[in-house]
Amino acid sequence: KAADECLPLYRPGVPVRRASEKAEEIFAAAGRSMPHSLGHGTGLEIHEAPFISMRAEESTVFRAGNIVTLEPGLYDTELGGARLENDVLITENGNELLTRSRILRF
């Protein structure tokens, strides 16, 4: 749910923090939290700017041409956790999900 609802926020000009705030809202509504960032840029390095987190500056926005990750993670102290990393290209008019793997929904 977090990935589905955050993906539309991955578009040019949107502060990256907005996507992270949306993920936090979704996790909080389920009585959970996300103890890490929602994603990051990727390119020359596997982890690079922009860093998509609650700590991001308001001036840090998605820009056309960015390749970023969307990776909300759900954790349980007894059971462990799961994190699905999807790669997203920010386009002039929105985004393109680059990940082609099938995601199982339960």
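Per the working numbering, residue 1 is the first one in the sequence shown, and the count goes up by one each step. All C-beta atoms in this analysis are idealised placements derived from N, C-alpha and C, irrespective of residue type, glycine included.
Buried versus exposed call for residue i [16 or more other C-beta atoms within 10 Å across all chains shown]
i, result
"M54", "exposed"
"A29", "exposed"
"T77", "exposed"
"E71", "buried"
"G41", "buried"
Limits of the unbroken beta strand (DSSP E) element including residue i
i, result
"V88", "N86 to T91"
"I111", "Nothing can be reported for residue 111, as the shown portion of the chain is limited to 1 through 106."
"T69", "I67 to L70"
"A64", "Here A64 belongs to no beta strand (DSSP E), and DSSP marks it neither H nor E."
Whole-angstrom distance between residue j and residue i, CA atom to CA atom
i, j, result
"G73", "A82", "6 Å"
"I103", "E5", "15 Å"
"L38", "N93", "22 Å"
"E57", "R17", "7 Å"
"S20", "L9", "10 Å"
"S33", "G65", "30 Å"
Closer than 8 Å to chain C by CB, residue i
i, result
"N93", "Looking at the structure shown, chain C is missing, and only one protein chain is on hand."
Taking 8 Å as the threshold, find out whether the segment 3-20 comes into contact with the segment 51-62 through three or more Cβ pairs. Yes, since at least three Cβ pairs between the segment 3-20 and the segment 51-62 fall closer than 8 Å, the two stretches touch.
Contained beta strand (DSSP E) runs [length at least 3] in the segment 5-39, N- to C-terminal order: Listed in chain order, there is nothing to give.
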